[in-house]
Amino acid sequence: MTRFEQELKNNVFVSSFCTRCDKHVWPPSDMCNSCFGNVIWRPVTRTAKLIEFSSKGDEVFGIVEFEGSIRVMGRIMTASALQIGQMLNLTECNFDGKAKFVLAPIV
Amino acid sequence: MRRVGIASSGLAEFSKTDSTLESLMLSSVKPLFDSTKNLSQEDIDVVLTSTNSDSKYLSNVVSELSGISPKVSHSVESLCNSGTNGIVSAYSYIASGLADVALVIGAEKSDSPGLVLEWDVSRGQYKHPIYWASMFASAHMRKFGTTMEDIAYVSAQNHNNATDNPFAYFKKTFSLDEIMQSKNLTDNLRLLDCSMPCDGAASILLASEDVIKKFTDKPVWISGIGQKSLSAGFTKNDDLACMKSNVQSSHRAYDMAKRTPDDIDVAELHDAFGICEIIELEDLGFTKPGLGSSYVSNLYETSDKKINPRGGLIGCGHPLGATGIAQTIEIFQQLQGTTKKRQVDGAKTGLVHNMSAAATSSTVLILES
Chain A
301 MTRFEQELKN
311 NVFVSSFCTR
321 CDKHVWPPSD
331 MCNSCFGNVI
341 WRPVTRTAKL
351 IEFSSKGDEV
361 FGIVEFEGSI
371 RVMGRIMTAS
381 ALQIGQMLNL
391 TECNFDGKAK
401 FVLAPIV
Chain B
771 MRRVGIASSG
781 LAEFSKTDST
791 LESLMLSSVK
801 PLFDSTKNLS
811 QEDIDVVLTS
821 TNSDSKYLSN
831 VVSELSGISP
841 KVSHSVESLC
851 NSGTNGIVSA
861 YSYIASGLAD
871 VALVIGAEKS
881 DSPGLVLEWD
891 VSRGQYKHPI
901 YWASMFASAH
911 MRKFGTTMED
921 IAYVSAQNHN
931 NATDNPFAYF
941 KKTFSLDEIM
951 QSKNLTDNLR
961 LLDCSMPCDG
971 AASILLASED
981 VIKKFTDKPV
991 WISGIGQKSL
1001 SAGFTKNDDL
1011 ACMKSNVQSS
1021 HRAYDMAKRT
1031 PDDIDVAELH
1041 DAFGICEIIE
1051 LEDLGFTKPG
1061 LGSSYVSNLY
1071 ETSDKKINPR
1081 GGLIGCGHPL
1091 GATGIAQTIE
1101 IFQQLQGTTK
1111 KRQVDGAKTG
1121 LVHNMSAAAT
1131 SSTVLILES
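Chains as they are written, first to last, in the working numbering: chain A, 301 to 407; chain B, 771 to 1139.
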């Protein structure tokens, strides 16, 4: 299991970060995709902007963006209408063979 | 660089079978040999196999089973555009002078491991392709007002076209109403909007301008190639109402061929899902952004076969490694004027568009008679 997966399993969302280039390396990797230097693992701020969404039955899913650059697909728990660009909280993350991200609107 | 042309082709019917991948490949190689004048195993310098299967040393295995001892032999894997990637590799061997004749064989089984890109953690738990397609559909609907009925035209038209293709997986037409009423997979994607994984194989023979007349009196030339790999992870395409790799790869192909979208008489587009064809028509310059929907409804209303006369992936099925080669064979045969009921009259210039993994990479070929 990778460091990214281990942390996710503990409900901690980390991303690889290059201190030399001062940027996230996403998707996670052991090396920076600009300078090929080593990365550190840094927690990602748990608020995200809604980029796009759809649904499958009652399950709403979408693309969200963390820290202006890290985009993932996650489940969105909401009882009200969503707006593109609105901010969401990462309420849960996990790893069970697949990465899992669960978000909800900031109220 | 030397000119490179397509000399001949072979197809196996797209279906569900008990055949092994190797047998599927052979079942497309045989009709190629049967239909190509003066071709013997000794003529073939390069054998490339395109597939997403886990088979090892496959190009050598199939070469041996075909009685070919090529100079160069290897597999090409690039998920759904493995087929056209194989053709581009074969083109490069010939254009550079390393080879004169190349055989590219694509095949897939319906349970291929290439159906899902497990590596892409950015997709979270939504790994199945219906989820990325649903994101593109949402974005296109939001930006341009595209409707579920607009998307249904793609499936209706491509299933209609597939009924004239004896190699297609689907043999029946579907009305707009049947498509609209088919099972909802997401709120903007129905079962009949999707291409179906299936078994299939396709083979194509490329040759240099120096030798191609030995094998055919009507070669079709590859005049333009454009490829672009944006990323592997899905979430790098900023504007989801557009597929960026399509735009960039098509510009390169048009530039190389010194052609524009107006010059294209017939095209095969990668309609993995109905919404893809609408977006691709815009990305490749067949119509302006936002007008893809009216373009596909017009194709349907006028029974115009200019786009996906083969039936597309939706009508033909989608055996990943074979798809790009089968698309190229359709345009090759269209430009030779041999596609019977599917024929686009007077077609002289054609385009093939084949892409992978939520349009993270795309290939565009331009062919000319």
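Glycine included, every Cβ here is placed at the ideal spot set by N, Cα and C.
When DSSP assignments are scanned along the segment 981-1067 of chain B, the uninterrupted stretches of alpha helix (DSSP H) that are 4 or more residues long and fall wholly within it turn out to be 1014-1027 and 1044-1053. The DSSP-derived three-state label of residue 384 of chain A is coil. Cβ proximity to chain A below 9 Å picks out 889, 890, 891, 892, 893, 894, 895, 896, 897, 900, 901, 902, 904, 905, 906, 907, 908, 909 and 912 from the segment 889-922 of chain B.
For residue 399 of chain A, the chain B residues whose C-beta falls within less than 9 Å of its own C-beta are 891, 892, 893, 894 and 895, listed in chain order. For the segment 935-956 of chain B, the residues whose beta carbon sits under 9 Å from a beta carbon of chain A are, in order, 954, 955 and 956.
Sixteen is the threshold: since fewer than 16 other Cβ atoms of the shown chains lie within 10 Å of the Cβ of residue 827 of chain B, the residue is exposed. Here residue 342 of chain A carries a strand assignment [DSSP, helix/strand/coil].
Residue pairing for residue 373 of chain A: DSSP places it in a beta bridge opposite A:363. Short of 8 Å from the beta carbon of residue 1115 of chain B, and not among the five residues preceding or following it, lies no beta carbon of its own chain. Pairing residue 838 of chain B with residue 329 of chain A, the inter-Cα distance amounts to about 42 Å. As summarised for the segment 859-929 of chain B, the continuous alpha helix (DSSP H) elements at least 4 residues long and confined to that stretch are 899-914, given in chain order. Here residue 835 of chain B is exposed, its C-beta having fewer than 16 other C-beta atoms within 10 Å. In terms of Cα proximity to residue 1026 of chain B, the closest of B:939, B:1134 and B:830 is B:1134.
Bounds of the beta strand (DSSP E) holding residue 1119 of chain B are 1119-1126. Our two residues, residue 844 of chain B and residue 870 of chain B, have alpha carbons roughly 17 Å apart in a direct line.
For residue 969 of chain B, the secondary structure class from DSSP, reduced to helix, strand or coil, is strand. Using a CB distance cut-off of 8 Å, residue 315 of chain A does not count as an interface residue toward chain B.
Judged by DSSP in its simplified three-state form, residue 842 of chain B adopts strand.
The C-beta distance from residue 878 of chain B to residue 1089 of chain B rounds to 4 Å, short enough to meet the 8 Å contact threshold. Around the beta carbon of residue 407 of chain A, fewer than 16 other beta carbons lie within 10 angstroms, which makes this residue exposed.
Residue burial is scored here from C-beta neighbours: residue 1050 of chain B has at least 16 other C-beta atoms within 10 angstroms and is therefore classed as buried. Here residue 961 of chain B is exposed, its C-beta having fewer than 16 other C-beta atoms within 10 Å. At a cut-off of 8 Å between beta carbons, residue 1005 of chain B contacts chain A. Two segments are said to touch when three or more pairs of C-beta atoms, one from each, lie closer than 8 Å; by this definition the segment 1034-1041 of chain B touches the segment 1096-1116 of chain B.
The beta-carbon distance between residue 1042 of chain B and residue 876 of chain B, rounded to whole angstroms, is 16 Å. This is too long to meet the 8 Å contact definition.
Remark: C-beta atoms of residue 889 of chain B and residue 1128 of chain B do not approach each other more closely than 8 Å. Selection A:357, A:312, A:303 and A:304 evaluated against residue 393 of chain A yields A:312 as nearest (Cα-Cα). With respect to the 8 Å criterion, residue 818 of chain B and residue 846 of chain B are classified as neighbours on the basis of their beta carbons.
Residue contact with chain A for residue 1010 of chain B: present (Cβ-Cβ distance below 8 Å to some residue of chain A). What residue 958 of chain B touches in chain A, judged by beta-carbon distance under 8 Å, is 354, going in chain order.
Contact between residue 1083 of chain B and residue 779 of chain B fails: their C-beta atoms lie close to 18 Å from each other, not under 8 Å.
With 16 or more other CB atoms across the displayed protein chains lying within 10 angstroms of its CB, residue 776 of chain B is buried.
Between residue 931 of chain B and residue 1080 of chain B the beta-carbon gap is near 7 Å, inside 8 Å, which marks them as a contact. Beyond the five residues adjoining it in sequence on each side, residue 1070 of chain B comes within less than 6 Å, by CB distance, of 923, 926 and 927 in the same chain, given in chain order.
Remark: C-beta atoms of residue 1004 of chain B and residue 809 of chain B do not approach each other more closely than 8 Å. Around the beta carbon of residue 936 of chain B, fewer than 16 other beta carbons lie within 10 angstroms, which makes this residue exposed.
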